[in-house]
Amino acid sequence: MKVQIKLCGFKNIEDIIFASSLDIDYLGMIFVKDMPRTINKKTACRAVDICKSNNIKSTGVFLNQSRDEIHEILNEVDLDVIQLHGNEDVNEYTCLKKEIIKTVHVTKDSQAPMTNMNFEKYNYLLDATDMKMHGGTGKVFNWNIMSDMPHDKLFIAGGLKPDNIIDLLSKFTPKCVDVSSGIERKIGYKDHELMSDFVQKINTFNEK
1 MKVQIKLCGF
11 KNIEDIIFAS
21 SLDIDYLGMI
31 FVKDMPRTIN
41 KKTACRAVDI
51 CKSNNIKSTG
61 VFLNQSRDEI
71 HEILNEVDLD
81 VIQLHGNEDV
91 NEYTCLKKEI
101 IKTVHVTKDS
111 QAPMTNMNFE
121 KYNYLLDATD
131 MKMHGGTGKV
141 FNWNIMSDMP
151 HDKLFIAGGL
161 KPDNIIDLLS
171 KFTPKCVDVS
181 SGIERKIGYK
191 DHELMSDFVQ
201 KINTFNEK
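Here the sequence shown is numbered in my numbering, starting from 1 and rising by one per residue.
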């Protein structure tokens, strides 16, 4: 199974243009107000057009926002995917008619709540939790919690970077790997060398 790539947390067009030149599958943007990586709608619309031209799925990240609020954003920004990053009931958002990724937050050593995960209907993103930040924490969780989960339904985030991505892939092959802070040297601004390195390592793995 080819491991897909999601680069996330984009807010400026220069980084988006560079990311679109790489062999990636998803490009993520934050639509939560007052976050370090929040994107404005004008830039997001340009990003969507760039993604469509490069066969990349534009992904909007939302945090405990109502269906109506997300629907209003979708009317302005034609996203391909919505990522629900809070405590939402994912079933309440299917009416938006978009591919949905539901985030499950796990602590460093905890087990993810598999009992509430409907793998037949949704993809799930496992991410390291932080009491102060909602994603982009740079923290890694215990990857072994994935052992009994269907890997082809999992997006993995949390502390991934060029230095450790092969460590993960040598143990597990999820549907997709997701990185934000691991391709930054300054929060909210992507490092093009780190992006290239991250993508190249995954592509090399996929070619084996």
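The C-beta atom is built at its ideal place from N, Cα and C for all residues, glycine as well.
Confirm, please, whether the CB-CB distance from serine 180 to serine 22 is below 9 Å.
-> In the sequence under discussion, the amino acid at residue 22 is leucine, which differs from the serine named in the question. No, the pair does not count as a contact, with Cβ atoms beyond the cut-off.
Can you name the start and end residues of the beta strand (DSSP E) that valine 177 belongs to?
-> 176 to 179
Please list, in chain order, all residues of the same chain as isoleucine 165 whose beta carbon is under 7 Å from its beta carbon, the five residues on each side excluded.
-> Val177, Phe198, Lys201, Ile202
Counterpart residues of phenylalanine 172 in DSSP-defined beta bridges = Answer by DSSP bridge pairing: none, since phenylalanine 172 is not bridged.
Among Ser58, Ala19, Gly9, the one whose alpha carbon lies nearest that of glutamate 193 = Ala19
Check whether the Cβ atoms of threonine 38 and lysine 2 lie closer than 9 Å to each other.
-> no
Alpha-carbon spacing of glutamate 99 relative to valine 81, whole angstroms = 5 Å
Under 8 Å Cβ to Cβ from methionine 133, same chain only, skipping five residues before and after it: list those, please.
-> Reliability of the predicted coordinates at methionine 133 is poor, the pLDDT of 47 falling under 50, and the value obtained from them is presented with this limitation in mind. The answer is none, since no qualifying residue turns up.
Alpha carbon to alpha carbon, what distance is there between asparagine 87 and histidine 105?
-> 9 Å
Bridge partner(s) assigned by DSSP for glycine 9 = Answer is none; glycine 9 lacks a bridge partner.
Of the residues Leu168, Asn64, Asn75, Ala128, the one placed nearest lysine 33, counting alpha carbons only | The candidate whose alpha carbon is nearest that of lysine 33 is Asn64.
Taking glycine 159 and lysine 139 to be in contact with their CB atoms under 8 Å, please state how far apart those CB atoms are, rounded to whole angstroms.
-> Indeed they touch by this definition, with Cβ atoms about 5 Å apart.
Assuming phenylalanine 155 and tyrosine 124 form a contact by the criterion Cβ under 8 Å, report the distance between their Cβ atoms to the nearest whole angstrom.
-> 7 Å
Per-residue DSSP class, three states only, for alanine 19 = helix
Would the beta-carbon of glycine 60 fall within 9 Å of that of methionine 35?
-> no
How would you call aspartate 152, buried or exposed, if buried means at least 16 neighbouring beta carbons within 10 angstroms?
-> exposed
Can you give the beta carbon distance from phenylalanine 62 to histidine 85, rounded, assuming they're within the 8 Å contact cut?
-> 6 Å
Nearest-angstrom Cα separation, counted from phenylalanine 172 out to asparagine 206 = Spanning the two alpha carbons is a distance of roughly 13 Å.
Would you report the Cα separation of proline 150 and phenylalanine 31, rounded to the nearest angstrom?
-> 29 Å
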